[in-house]
Amino acid sequence: MKRSLLIIVMFLMIAGCATPPKGAFKIDCGPYPEKFEEMIICYLEFKIEDPASLSDFKVIKPPEKVKADTYYTSIPLAEGDEVWECFIVYDSKNRDGKQIGKDLHVVWFRDGNIVAFDYSDIEGEFRIKQRQGNPCEKKNSDQGNS
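For the sequence shown, the numbering used here begins at 68 and goes up steadily by one.
#1: Less than 8 Å separating the beta-carbons of Glu-230 and Lys-134?
#2: Assuming Asp-117 and Ser-159 make a contact with CB atoms under 8 Å, what is their CB distance in whole Å?
#3: Going by DSSP, what residue range makes up the beta strand (DSSP E) through Tyr-157?
#4: Out of curiosity, what's the CA-to-CA distance linking Pro-202 and Ile-107?
#5: Using 8 Å as the threshold, is the C-beta distance between Tyr-186 and Lys-169 below it?
#6: Are the Cβ atoms of Pro-143 and Asp-95 separated by less than 8 Å?
#7: Just checking my contact of Val-182 with Cys-153 at CB under 8 Å: how many whole Å lie between their CB atoms?
#8: Would you report the Cα separation of Phe-193 and Lys-114, rounded to the nearest angstrom?
#9: Can you tell me which residues form a DSSP beta bridge with Ile-181?
#10: Assuming contact is defined by CB atoms lying nearer than 8 Å, are Gln-199 and Asn-180 in contact in what I supplied?
#11: Do you know how far the Cα of Met-77 is from the Cα of Ile-167?
#12: Roughly how many angstroms lie between the CA atoms of Tyr-110 and Ile-75, to the nearest whole one?
#13: What does a CB cutoff of less than 8 Å around His-172 pick up in its chain, not counting 5 residues either side in sequence?
#14: Report the three-state DSSP secondary structure of Ile-127 (helix, strand or coil).
#15: Any heavy atom of the ligand GDP within a distance shorter than 7 Å of the CB on Ala-119?
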């Protein structure tokens, strides 16, 4: 029993010495998201109830490098991490088919990906698609085959 306890304690001490990957300490938000409008529209088409109803899309403020406000705990960023912050407005229909009306929204980018929308973490399915490449690529190639 003592030996097992000693082994567990030693293992925990050694595990405590392990360093996290370098990416865990990356504060910089990466290069400017050149195709930010296309990326945002792609995300909105994924997110909104009726993608065909997306209208009056306008960029109010193009991406600007800022320190992330970690007050919003649902976003997996650390204090002092940088993001590219962009403000947009758009209109679309809700699931009842009624226009929701133009509203201001904020989008955060890091390393060429959308990481937050309206100060909330993005959907896991879209995050996975971003990691695999362009999430809108399949949709665009399907349209070309029709």
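Backbone N, C-alpha and C define an ideal beta-carbon position, used for all residues, glycine too.
Considering the structure as presented:
#1: Here the chain has residues from 68 to 213 only, and residue 230 is not among them.
#2: Indexing the sequence shown from 1 puts residue 117 at position 50. Indexing the sequence shown from 1 puts residue 159 at position 92. With 8 Å as the limit, Asp-117 and Ser-159 qualify as a contact, their Cβ atoms being about 6 Å apart.
#3: The residue you call residue 157 lines up with position 90 of the sequence shown. That run of the beta strand (DSSP E) goes 149 to 158.
#4: Here residue 202 refers to the residue found at position 135 of the sequence shown. Here residue 107 refers to the residue found at position 40 of the sequence shown. If I take the Cα positions, the gap works out to 11 Å.
#5: In the sequence shown, residue 186 corresponds to position 119, counting from 1. In the sequence shown, residue 169 corresponds to position 102, counting from 1. Not closer than 8 Å, so no.
#6: For this step, residue 143 is matched to residue 76 along the sequence shown. For this step, residue 95 is matched to residue 28 along the sequence shown. Contact: no.
#7: Numbered from 1 along the sequence shown, position 115 holds the residue referred to as residue 182. Numbered from 1 along the sequence shown, position 86 holds the residue referred to as residue 153. So it is not a contact: roughly 12 Å between Cβ atoms.
#8: Within the sequence shown, residue 193 is the residue found at index 126, counting from 1. Within the sequence shown, residue 114 is the residue found at index 47, counting from 1. Approximately 9 Å, taken between the alpha carbons.
#9: Reading the sequence shown from its first residue, position 114 is the one you call residue 181. Its beta-bridge partners are Phe-176.
#10: Working through the sequence shown from its first residue, we reach residue 199 at position 132. Working through the sequence shown from its first residue, we reach residue 180 at position 113. Taking 8 Å as the Cβ cut-off, Gln-199 and Asn-180 do not qualify as a contacting pair.
#11: Locating residue 167 in the sequence shown gives position 100, counting from the first residue. Locating residue 77 in the sequence shown gives position 10, counting from the first residue. When rounded, the distance between both Cα atoms is 58 Å.
#12: For this step, residue 110 is matched to residue 43 along the sequence shown. For this step, residue 75 is matched to residue 8 along the sequence shown. When rounded, the distance between both Cα atoms is 46 Å.
#13: Here residue 172 corresponds to residue number 105 of the sequence shown, with the count starting at 1. In chain order, Phe-154, Ile-155, Val-156, Tyr-157, Phe-184 and Asp-185 place their CB closer than 8 Å to the CB of His-172, counting only its own chain and leaving out the 5 sequence neighbours on each side.
#14: If you number the sequence shown from 1, residue 127 lands on position 60. Note: Ile-127 maps to strand in three-state DSSP.
#15: Absence of the ligand GDP is noted for the structure shown, with no ligands found whatsoever.
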